[in-house]
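Structure first, commentary second.
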Ligand code: NDP
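Numbering (the working numbering), first residue to last: 3 to 312.
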């Protein structure tokens with residue numbers, strides 16, 4: 003079996019930036035795209051805060067450019083999902099649905115995924131009115147009423163985007179205040195199609211055999227219940243890191259991979275982490291790209307040091 007210099011797990015800004023740097027350092031990286039090729043930006047519309055794009059850029063377009071740049075320098079991009087890793091032996095082993103791969107070093111950039119409320123009724127209507135991606139599913143709600151759960155920037159962005167299709171968007175906020183940045187909050191608040199319900203949680207998603215017809219709401223202050231007639235519910239309540247396959251193998255804190263301060267080193271030498279999988283704090287495309295670069299440099303230097311030792 004071939005032993006690769008470097009395997010990169012994940013295809014968001016962190017993974018592709020690591021690939022660009024590693025490929026240019028002649029490490030011939032193999033990158034696994036995973037179940038969400040391109041990562042979270044694929045479900046975003048306009049990205050206005052990525053430096054170098056003063057007019058903004060669509061998330062999927064930005065990711066296409068990342069990928070093109072990584073491929074241009076020789077990254078081997080594989081449309082496979084990593085199902086398991088063995089970092090207890092060397093070379094490291096990465097297992098996908100198609101087989102096993104070996105590498106001297108690994109960069110983990112598996113990112114984070116959308117959170118759901120965890121209601122059985124929510125699970126039942128996933129894809130039938132319940133969604134965590136307005137960009138993907140908003141189109142299906144033309145002329146309909148929808149709710150967005152959450153009070154951060156994602157909720158404001160999703161709500162604003164959904165007004166392109168829906169006749170009304172009700173934002174359900176569990177506390178009495180938003181957590182969004184002022185510019186996003188203003189944009190949502192001045193949109194006549196958007197209204198807000200504060201101190202409001204979702205108790206149940208209601209529907210018929212085919213689709214969502216409404217939500218049973220609960221006041222987080224008085225426990226009083228009420229019904230809201232909507233055709234869709236969009237979740238915008240944050241994300242969780244994709245670290246399940248690393249449980250018991252790498253050190254984590256609250257589900258995020260732990261890295262040595264000021265580096266991308268995990269607790270296993272030769273395994274590096276970049277982007278949202280190790281970042282609970284900033285979670286931005288540009289910071290993910292930055293740590294992706296750092297991970298490639300850390301991996302390159304570590305591989306060189308190992309070579310030197312021999
Ligand atoms: P945030 O963590 O900022 O906000 C999550 C929101 O969901 C909060 O209002 C939180 O409420 C609420 N929430 C969490 N869990 C639940 C639950 N179980 N039930 C109901 N409500 C819940 O996450 P975002 O995804 O909005 O943003 C993440 C990061 O990405 C931020 O740094 C943000 O600035 C950034 N971002 C930037 C954008 C841009 O600039 N274009 C667009 C989107 C995101 P509570 O406050 O009560 O905890």
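Beta carbons are placed, not taken as given, at the ideal position from N, Cα and C, and that holds for glycine.
All of these numbers come straight from a predicted model, not from anything done at the bench.
Each residue's CA atom was taken as its position, placing residue 177 and residue 59 some 32 Å apart. Within the DSSP secondary-structure output, residue 96 pairs in a beta bridge with 87 and 103. DSSP places residue 42 in no beta strand (DSSP E); its state is neither H nor E.
Non-local C-beta neighbours of residue 180 in its own chain, meaning closer than 7 Å and more than five positions away in sequence, comprise 153 and 187, ordered along the chain. Exposed is the label assigned to residue 141, since fewer than 16 other Cβ atoms lie within 10 Å of its Cβ.
Out of 224, 20 and 125, the CA that lies nearest to the CA of residue 73 is found in 20. Per the C-alpha coordinates, the member of 41, 299, 90 and 15 positioned closest to residue 71 is 15. Rounded to whole angstroms, the Cβ separation of residue 43 and residue 65 is 5 Å, and the two are in contact under 8 Å.
Shown here, residue 27 sits in coil according to DSSP, grouped into three states, outside any helix or strand. Residue 6 is bridged by DSSP to 105. Residue 78 has its CB no nearer than 7 Å to any heavy atom of ligand 1.
With a cut-off of 7 Å, the C-beta of residue 175 is classified as near ligand 1, since at least one heavy atom of the ligand falls inside that distance.
Judged by beta-carbon spacing, residue 172 lies beyond the 8 Å limit of residue 201, meaning their Cβ atoms are not closer than that value.
Exclusion of the five residues before and after residue 190 leaves 158, 161, 162 and 196 as the residues of its chain whose Cβ lies within less than 6 Å of its Cβ. Here the segment 207-221 lies against the segment 233-241, with 3 or more beta-carbon pairs under 8 Å apart. For residue 266 and residue 243, the gap between their C-alpha atoms comes out near 16 Å.
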